[in-house]
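Trainee: Numbering-wise, the sequence shown is residues -9 to 63 according to my numbering.
The structure under discussion is supplied below as structure tokens; questions concerning it will follow.
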Amino acid sequence: MEASSNTAAELNIQNKSTRILVGGSPSYRCDYCGQVISEQMQFSGVTIRDPDGGLTEHFFCEEKCMTSQYPDI
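Below is the structure:
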């Protein structure tokens, strides 16, 4: 996988968090490596405000994947 060329200065980051998927939650996949994020698994989330004002959430199975996608975060 290739790392994004986005830098933290270019991104309008609204939130960075560590989360745990609980029962009844939707299934997610890591936006970097594609690994399924399963129930009770700790994962990272980043919420970015798009240029049009909308919010986009990105999920990563581990910190390493998040920093591979967004090295300057």
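Ideal placement from N, C-alpha and C gives every residue a C-beta, glycine not left out.
Since we're looking at a predicted model, the values are computed, not measured.
1) Report, in whole angstroms, the separation of the C-beta atoms of S34 and L11, which I expect to be a contact under 8 Å.
2) Mind checking whether Q4 and T37 have CB atoms under 8 Å apart?
3) Using the Cβ count rule (16 or more neighbours within 10 Å means buried), how would you classify D42?
4) Which parts of the stretch 3 to 46 are runs of the alpha helix (DSSP H), unbroken and 4 residues or longer, counting only runs that do not cross its ends?
5) Between which two residues does the alpha helix (DSSP H) harbouring E53 extend?
6) Skipping 5 residues on each side, what residues in its chain have a beta carbon closer than 7 Å to that of C51?
Mentor: According to the data block:
1) That pair is no contact at about 12 Å.
2) yes
3) exposed
4) none
5) 53 to 59
6) C20, C23, Q25, I27, F33
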